[in-house]
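**Q** Protein chains in written order, with the numbering used here: chain U, 22 to 296; chain P, 5 to 239; chain E, 5 to 239.
Backbone N, C-alpha and C fix where the C-beta goes; we use that ideal spot for every residue, glycine too.
Below you will find the structure I want to go over with you.
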Amino acid sequence: MTSNIEPTHPEEQPHSREQSEMPFAIVQGAPYMELPRDLYIPPQALEVFLEAFEGPLDLLLYLIKKQNLDILDIPIARITEQYISYIDLMEDMQLELAGEYLVMAAVLAEIKSRMLLPRPQAEEDEDDPRAELVRRLQEYERYKQAAEDIEALPRVGRDVFATLVEFPDRNKHVEPPEVSLEALLQVFAEVLQRADMYSHHMIQREPLSVRERMTIVLERVNADDFTNFRELFTVSEGRGGVIVALLAILELLKEHLIEMVQNEINGPIYVKAAA
Amino acid sequence: MTETELKNILEAALLASDKPMSVSNALTLFKDEPELPEREAIRAALQSLQQDYEGRGVELVEVASGYRFQVRSDYSRWINRLFDERPPRYSRALLETLAIIAYRQPITRAEIEEIRGVSISGSIIKTLQEREWIRVVGHRDVPGKPELLATTREFLDYFNLKKLSELPSLAEIKDFDQLNPDLFEGLEPPAQAGQAYEAGAEAGGEYEATEQDAEDQEESIEAREESENVVPITG
Amino acid sequence: MTETELKNILEAALLASDKPMSVSNALTLFKDEPELPEREAIRAALQSLQQDYEGRGVELVEVASGYRFQVRSDYSRWINRLFDERPPRYSRALLETLAIIAYRQPITRAEIEEIRGVSISGSIIKTLQEREWIRVVGHRDVPGKPELLATTREFLDYFNLKKLSELPSLAEIKDFDQLNPDLFEGLEPPAQAGQAYEAGAEAGGEYEATEQDAEDQEESIEAREESENVVPITG
């Protein structure tokens, strides 16, 4: 049932490059389009050889194609022995072998032993022990082909060149980030909480209007000239506005941000920013 | 804005841009204008540009993520000489992984490994993601919630494709039922495929498509349908 | 090689190249040809191309190191939109600093640092000043005369406030965790400002987001437009 090809026998003319247009391996810069014709592989090339395969399915496909066998009808015993010879050889060379190769060897051995068992004629099709392996091989082969098809597609930078025209007026201006008031307040709420946690001098709950007025007063006064105290009030703001202004001025005085002078009793009061 | 102006702006934008421009992208050019041009007007202008460039050195083509001007392939031989840098070569492992994702998306890494029969190095997935050719579109609803990978529009752009269904069609899976029972006579060409074996998880389990947008899904369905035309799935 | 071919090759090369091309550069394109085109033929082809592109979106100009296609300056307003970058976001430290200045003005940097519990980088103050949201209104009369910072009218304008006292009170802020929407009822504009913030962030990187589907993009363009009508940006 098997026609085992001895590993050291030269093979018939290999079925040339049916499986791949790509160089099989590159050894010292020289592409190898075919594998060595027999299983004798110089030790230094064996590693390259192993790397040339994308796993056990790839190696199996190679063995099948090389002998022009039909994938649907693999002479399992023969292929198994060839496969195992390769694996043994790689192990003899103490090359690190991916575990998947050994798993496949076991799978093949199992199929081979099941093939040897007698089966009732009727169940032959469904029960062919090779079915799953054949399915996987075909499945792998179609994607291997697809990879080659994709490799052959026109590609940007190799076959397709896009245009890139100069744009001298390009302005590098970047819009400043946008901020929502909500985000600002949210952040502030968290600051307050944090401040509460590790600070005992709480932020005083001063009405904002006083703070704002402090800023306005500071904007009005300067360190060189005196500003009339009266000018810091706007009567039209009413009583509330006047009080806020006064509080702001007192607060600024307290913080030594402004100075106040009155040259004579009941005379005009002047304000200037602290130097 | 006159038609000519619109056309000129689009022409300049397409020629100056380093990526394809969709009609929506084109609209953003006009976002400071009192009124946006109609999408129809933009389409018409693009068509008119396409005609203008017939027989010229470059052509306006549509790829997955929009329109781009590119050197007419008749002339790429000469243009190639402009660039010293050789385009990168990709390993077989990377291309096979990419092919499986392209044709079987969305798919998990474990499913790819099952098809290839070997484990996939993390660097391959990483390279594919860095090139923006693949992305995670969800998680399969199985233990461990593995990531589901799919190709992107950038992948299609890079390979000059408009949609997934433009990929070369997958080879047939031959019918094992037709297998010649005589193991030693099995060299004649296999009969036509009647029934194929179920292609793994192609018809696939459930998955949660968290990010994938509608159009992409449509594309992958198209691709799947096409592959289904070739490979009847039983199962 | 026909004149048209020569012209098309030059057109393709000029459009695909990222640097200007001299007549000598152009000659190298043909170095594998049986015979080189005459320099005169190349010049004539370039001139003819220049004429072809008159009144178009791009123009062929001669600069110091050769010829190049460039976007006609009439259209730079639109083409600039192509390169709009998504505005960066302000750091949390910056927002905190701004909020503290708003509520505690006039205030020195040291005082802000005391409240925040961490030091403030100079770049934050600088950014806020450049944005014209804060300014120096005086100096505190302590050793070192530190600057007193306060918010500006531009700050109020940006956040659509008439005066500072329209900001929620500290007591209200304390409960801000619950994010009581009533808080904003009295402050009509800020709610919209919030919208603008989000819309802006989304619309920002449109041209980058090639995978975003078309409708989304259209919407975000509209959103941005709307937000721009509502919120005057004075930055």
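For a test of the three-state rule: what should DSSP assign to U/Ile-290, helix, strand or coil?
**A** Reduced to three states, the DSSP call for U/Ile-290 is strand.
**Q** Excluding sequence positions up to five away, which residues of its chain have a Cβ less than 8 Å from the Cβ of P/Gln-138?
**A** What sits at residue 138 of chain P in the sequence shown is Ile, not Gln. Once the five neighbours on either side are set aside, the close Cβ partners of P/Ile-138 are Leu-102, Ile-105, Ile-129, Leu-132, Leu-153, Ala-154, Thr-155, Thr-156, Phe-159.
**Q** Counting only runs of 3+ residues fully inside the segment 143-170 of chain P, write out the beta strand (DSSP E) ranges in chain order.
**A** Runs of the beta strand (DSSP E) inside the segment 143-170 of chain P: 151-155.
**Q** Looking only at its own chain, which residues have a Cβ that is under 6 Å from the Cβ of E/Glu-215, when we skip the five neighbours before and after it?
**A** Model confidence at E/Glu-215 stands at a pLDDT of 38, short of 50, so the residue's coordinates are unreliable; what they give is reported in the following sentence. Counting only Cβ-Cβ distances below 6 Å, and skipping sequence neighbours, we find nothing.
**Q** Within the chosen definition, does the segment 103-111 of chain U reach the segment 79-90 of chain U through at least 3 CB pairs nearer than 8 Å?
**A** The segment 103-111 of chain U is in contact with the segment 79-90 of chain U.
**Q** Look at the Cβ atom of U/Thr-184, then the Cβ atom of E/Ala-20, and state whether they are nearer than 8 Å.
**A** In this structure, E/Ala-20 lies closer than 8 Å to U/Thr-184 by Cβ.
**Q** So, for E/Leu-53: in the same chain, excluding its five sequence neighbours on each side, which residues have a beta-carbon less than 7 Å away from its beta-carbon?
**A** Closer than 7 Å at Cβ, skipping near neighbours: Lys-11, Leu-14, Glu-15, Leu-64.
**Q** Should U/Phe-209 be counted as a contact of the ligand GDP given a C-beta to heavy atom distance under 7 Å?
**A** Ligands are entirely absent from the displayed structure, and the ligand GDP is therefore not among its contents.
**Q** With a cut-off of 8 Å on the beta carbons, I'd call U/Phe-247 and U/Val-282 a contact; round off their distance for me.
**A** Going by Cβ atoms, the distance from U/Phe-247 to U/Val-282 rounds to 7 Å, so yes, they are a contact pair.
**Q** What does a CB cutoff of less than 7 Å around E/Ala-45 pick up in its chain, not counting 5 residues either side in sequence?
**A** Within the same chain, E/Ala-45 has close Cβ partners Leu-10.
**Q** Does any residue of chain U bring its CB to less than 8 Å from the CB of P/Glu-222?
**A** For P/Glu-222, the predicted model reports a pLDDT of 42, less than 50, meaning its position is unreliable; a value from the coordinates is still stated below. No, P/Glu-222 lies away from the interface with chain U (no Cβ there is under 8 Å from its Cβ).
**Q** Could you name the residues of the segment 56-71 of chain P whose beta carbon sits closer than 7 Å to any beta carbon of chain E, in the order they occur along the chain?
**A** Within the segment 56-71 of chain P, the qualifying residues are Arg-60, Gly-61, Val-62, Ser-69.
**Q** With DSSP collapsed to three states, give me the class of P/Ile-124.
**A** Of the three classes helix, strand and coil, the one that applies to P/Ile-124 here is coil, per DSSP.
**Q** Below 9 Å on C-beta distance, what does E/Arg-85 contact in chain P?
**A** Residues of chain P passing the Cβ test: Ala-17, Thr-32, Leu-33, Phe-34, Lys-35, Asp-36.
**Q** Please classify E/Gln-74 as buried or exposed, where buried requires at least 16 neighbouring CB atoms within 10 angstroms.
**A** It is buried - the Cβ of E/Gln-74 has at least 16 other Cβ atoms within 10 Å.
**Q** Can you find the residues in the same chain that come closer than 8 Å, C-beta to C-beta, to E/Glu-118, ignoring five residues on each side of it along the sequence?
**A** Excluding positions up to five away in sequence, the list is empty.
**Q** State the CB to CB distance for the pair U/Leu-278 and E/Arg-135, rounded to an integer number of angstroms; the pair is presumed to be in contact (CB under 8 Å).
**A** Incorrect: roughly 25 Å between the Cβ atoms, too far for contact.
**Q** Output, in chain order, the set of chain P residues within a Cβ distance shorter than 9 Å of E/Asn-12.
**A** Residues of chain P passing the Cβ test: Gly-59, Arg-60, Gly-61, Val-62, Arg-76, Asp-78, Tyr-79.
**Q** Using a Cβ cut-off of 7 Å, which residues of the segment 170-182 of chain U contact any Cβ in chain C, in chain order?
**A** No chain C appears in this structure, whose protein chains are U, P and E.
**Q** From the DSSP output, in three-state form, read off P/Leu-174 for me.
**A** P/Leu-174: coil per DSSP, three-state reduction.
**Q** For U/Gly-262, report the span of its beta strand (DSSP E) as first-last.
**A** Per DSSP, U/Gly-262 belongs to no beta strand (DSSP E); it is in the alpha helix (DSSP H), 259-275.
**Q** Report the rounded CA-to-CA distance for P/Phe-34 versus U/Pro-189, giving the unit in angstroms.
**A** Rounded to whole angstroms, P/Phe-34 to U/Pro-189 spans 20 Å at the Cα level.
**Q** Hey, out of U/Glu-121, U/Arg-179, U/Ala-173, whose CA is closest to P/Leu-2's CA?
**A** Lying before the first or after the last residue shown, residue 2 of chain P is absent from chain P, which here runs from 5 to 239.
**Q** Could you check the C-alpha separation between P/Pro-92 and U/Ile-92 for me, to the nearest Å?
**A** When rounded, the distance between both Cα atoms is 34 Å.
**Q** First and last residue of the beta strand (DSSP E) that includes E/Ile-46?
**A** That residue, E/Ile-46, is in no beta strand (DSSP E); its alpha helix (DSSP H) goes 43-56.
**Q** Does any C-beta atom of chain U lie closer than 8 Å to the C-beta of P/Ala-48?
**A** No - not a single Cβ of chain U is within 8 Å of the one on P/Ala-48.
**Q** Excluding the 5 residues flanking E/Glu-115 on each side, which residues of the same chain have their C-beta closer than 8 Å to its C-beta?
**A** Result list for E/Glu-115: Arg-108, in chain order.
**Q** On the three-state DSSP scale, how would you describe E/Gln-109?
**A** Of the three classes helix, strand and coil, the one that applies to E/Gln-109 here is coil, per DSSP.
**Q** Just to confirm the assignment, what range does the alpha helix (DSSP H) spanning P/Glu-9 have?
**A** 7-20 is the span of the alpha helix (DSSP H), which, as asked, contains P/Glu-9.
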